[in-house]
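Read through the structure below, which is laid out as structure tokens, and then see the notes.
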Amino acid sequence: MESTDPELDRIRMLKMMQMRSDIGQKETKIKVQVYSTNSCPYCHLAKQYLKQKNVEFEEIDVASDPKSAQFMFSSTGQMGVPQINIGGNWVIGFDRAKIDALLSLD
Numbered sequence: 007m008e009s010t011d012p013e014l015d016r017i018r019m020l021k022m023m024q025m026r027s028d029i030g031q032k033e034t035k036i037k038v039q040v041y042s043t044n045s046c047p048y049c050h051l052a053k054q055y056l057k058q059k060n061v062e063f064e065e066i067d068v069a070s071d072p073k074s075a076q077f078m079f080s081s082t083g084q085m086g087v088p089q090i091n092i093g094g095n096w097v098i099g100f101d102r103a104k105i106d107a108l109l110s111l112d
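Every position in the sequence shown, counted from 1, becomes a number in this note's numbering once 6 is added.
This is how it looks when you write it as structure tokens:
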């Protein structure tokens, strides 16, 4: 199935290239970090989704961690949450399609 979203197509292509380069190498886990706040409903949905998919992640509460909030903003230029860093690739908001593509869940 071909996507009409060029960003998703790019992510899928990068994942395919990564999978080809990983052939014969030991599988490594992708580091996943969820930048969120306790009062954010979409943050709760994103974390619940990752748990349902059995994805291990580090939860970072930017409301109580100003240094992490600054890192998030300097990395993406965005202050809204959730923001999810998947192996160095940022997902702004709770975007299931991008999360699935980056984690090869689709």
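A virtual CB, placed ideally from N, CA and C, is assigned to each residue, including glycine.
Nearest Cα to Met85 within the set Asn91, Asp101 and Val68: Val68.
As summarised for the segment 59-108, the continuous beta strand (DSSP E) elements at least 3 residues long and confined to that stretch are 64-67, 89-92 and 95-98, given in chain order. Burial check for Met78: the Cβ neighbour count within 10 Å reaches 16 or more, so the residue is buried.
For Ser42, the enclosing beta strand (DSSP E) starts and ends at Val38 to Ser42. Excluding residues up to 5 positions away in sequence, Val87, Pro88, Gly99 and Phe100 lie with their Cβ nearer than 8 Å to the Cβ of Tyr48 in the same chain. Remark: C-beta atoms of Ser110 and Lys21 approach each other more closely than 8 Å. Your pair Arg18 and Tyr55 does not check out as a contact, with CB atoms roughly 19 Å apart and the cut at 8 Å.
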